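The opening position of the sequence shown corresponds to residue 180 in our numbering, with each subsequent residue numbered one higher. Okay, so here's the structure we're looking at.
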Amino acid sequence: MPDPAPASPTRRTLAFGVVVLLCLTALATYLLVQRSRDAAAAEAAADREAATSRLQVEDVLEVPHLVVRNTAPGPSFGKVALIPLDDPTGPRAIVDVACDRISATPSGALCLQQVTGMLTTYRAVFLDEQLREVGAAEVGGVPSRARVSAGGSWGASTVFVSGHAYTDAQFSTETLITDLTTRTSLGNLETWTTVRDGEEITAVDRNYWGVSFIGDGPGFYATLGTGDRIFLVKGDVGTRTMEVVGTEGGCPSVSPDGRTVVYKEVDPESRNEHFVAAGLAEGDLDGRPAVPLGEGRLVDDQVAWLDDDTVLYAVGRGVSSSVDFDVWSSPVDGGAPTLLIPDAASPSVVIPEG
Numbered sequence: 180m181p182d183p184a185p186a187s188p189t190r191r192t193l194a195f196g197v198v199v200l201l202c203l204t205a206l207a208t209y210l211l212v213q214r215s216r217d218a219a220a221a222e223a224a225a226d227r228e229a230a231t232s233r234l235q236v237e238d239v240l241e242v243p244h245l246v247v248r249n250t251a252p253g254p255s256f257g258k259v260a261l262i263p264l265d266d267p268t269g270p271r272a273i274v275d276v277a278c279d280r281i282s283a284t285p286s287g288a289l290c291l292q293q294v295t296g297m298l299t300t301y302r303a304v305f306l307d308e309q310l311r312e313v314g315a316a317e318v319g320g321v322p323s324r325a326r327v328s329a330g331g332s333w334g335a336s337t338v339f340v341s342g343h344a345y346t347d348a349q350f351s352t353e354t355l356i357t358d359l360t361t362r363t364s365l366g367n368l369e370t371w372t373t374v375r376d377g378e379e380i381t382a383v384d385r386n387y388w389g390v391s392f393i394g395d396g397p398g399f400y401a402t403l404g405t406g407d408r409i410f411l412v413k414g415d416v417g418t419r420t421m422e423v424v425g426t427e428g429g430c431p432s433v434s435p436d437g438r439t440v441v442y443k444e445v446d447p448e449s450r451n452e453h454f455v456a457a458g459l460a461e462g463d464l465d466g467r468p469a470v471p472l473g474e475g476r477l478v479d480d481q482v483a484w485l486d487d488d489t490v491l492y493a494v495g496r497g498v499s500s501s502v503d504f505d506v507w508s509s510p511v512d513g514g515a516p517t518l519l520i521p522d523a524a525s526p527s528v529v530i531p532e533g
């Protein structure tokens, strides 16, 4: 029998077109179903939020309270929330300001914000004591850390210029310190002078992040990353200098009384990080062995302080750990951590003056 005649180009083109049409139809159907599910989920979250009891912002501002980033699903996701300190799991007030990171004091707050549009941009937003915007400045990338000194004189911001995590091989940061009185930037810490054992560090790969002020400054602690190692540095805003303090670790946070610094110590073998608390004397490490905190999970956060003996930090939850967070507390003496605030991140404790 003669071999069957090959399919004509026209038939092959028609068959290919049918396959493409079926694929496009399947994709369109999937997208419509997914869009419908997303809309239903958003509507359900909005309904739950509408039924949630809310406090008034002006009322909460008058009492000791927590300032957090709200991560509860719904229209207020990502906005600033105020929660009375004596009822951290109770109702909250919502401020109509969205922040990816926020640090607050009685005199105001520093909010790091992603602005989504045709082009995504990033801002450091300055808020007054009523958490109203009073100024803003562009920053160079994805928000990571924010911290305000105790008296509100200085603010520090860290963003990722490249990469999205400190574990990324090629991450690069921009860490700025700002005079909050004049809202004037003192520049990227990479332009300041850093010394180790009397020698200036000039490595081109150095990155800085996680500033924590000692009281209201001008002293501060921060993290220096260079090569495959990270170090604590102690700096001075007035002289724009920093010095490596000899401890391999990062993301320091100084207690309100200035007697303790909690940071992430690096295990020399596994290279994993875990929180430890070290003593300070006159702002310097006092040489006593650091005490491991009871938190055993890997936590990507810089702790804040509930009081002189207890730290706060956000922990991602479940499969949505990049968006769903809870705030946990942990005593610096090594006690067990406790869930303090559900559906929240980036906590600050604010005790109103007067």
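Note that beta-carbon positions come from the ideal geometry of N, C-alpha and C, so glycine has one too. On a predicted model such as this, the values are computed, not experimentally measured, just so you know.
Cβ-heavy atom distance, residue i to the ligand FAD, below 8 Å
i    : result
V197 : Questions concerning the ligand FAD fall outside what the structure shown contains, since it holds no ligand whatsoever.
Given residue i as reference, the closest of the options once Cα atoms are compared
i    : options                : result
V274 : D265, G462, R248, L291 : R248
L464 : P447, V440, G366, S391 : V440
F410 : F339, Y387, T268, R302 : Y387
Q510 : E444, V482, S525, T299 : The question names Gln, but residue 510 in the sequence shown is Pro. It is V482.
E237 : R271, A277, F256       : R271
W364 : T337, R385, P531       : The sequence shown places Ser at residue 364, rather than the Trp named in the question. For S364, the nearest C-alpha among the options comes from T337.
V470 : G458, I530, G462       : G458
K443 : G437, D436, P435, E452 : E452
Residue range of the unbroken alpha helix (DSSP H) whose run includes residue i
i    : result
E444 : Taken as a continuous stretch (DSSP letters only), E444 belongs to no alpha helix (DSSP H), being part of the beta strand (DSSP E) at 439 to 445.
E237 : 236 to 239
Sequence-distant residues of its chain with Cβ nearer than 6 Å to residue i (five each side left out)
i    : result
S282 : L289, A325, R326, V327, S527
F305 : V313, G314, R362
G404 : N386
D522 : T250, A251
Residues of its chain near residue i, where Cβ-Cβ distance is below 7 Å and the 5 sequence neighbours each way are ignored
i    : result
G408 : It is Arg, not Gly, that sits at residue 408 in the sequence shown. So the list reads E427, once near-sequence residues are dropped.
A524 : V247, R248, T250, A493, F504, V506
G475 : none
A277 : G257, K258, Q292
Inter-residue Cα distance where the pair is residue i and residue j
i    : j    : result
T357 : V313 : 14 Å
D217 : G253 : Its pLDDT being 48, under 50, D217 is placed unreliably in this model, and the value from its coordinates should be taken loosely. Each residue's Cα considered, the two are about 12 Å apart.
D265 : S232 : 17 Å
V340 : R311 : 27 Å
Q293 : R302 : 7 Å
R375 : E422 : 6 Å
G513 : F454 : 10 Å
Endpoints, the beta strand (DSSP E) within which residue i is located
i    : result
P431 : 428 to 433
D358 : 351 to 358
A423 : Strictly speaking, residue 423 in this sequence is Val, with Ala absent from that position. Note, V423: beta strand (DSSP E), 420 to 423.
R302 : 300 to 306
P534 : Because the chain in this structure spans residues 180 to 533, residue 534 falls outside the shown range and cannot be described.
I273 : 272 to 277
N367 : 363 to 367
L411 : 408 to 415
Whole-Å CB distance - residue i paired with residue j, under 8 Å assumed
i    : j    : result
W136 : V416 : The chain is shown only over 180 to 533; residue 136 falls outside these bounds and no answer can be derived.
G366 : L359 : So it is not a contact: roughly 15 Å between Cβ atoms.
9 Å Cβ cutoff, residue i in contact with chain C
i    : result
K413 : The displayed structure is made up of one protein chain only, and chain C is not part of it.
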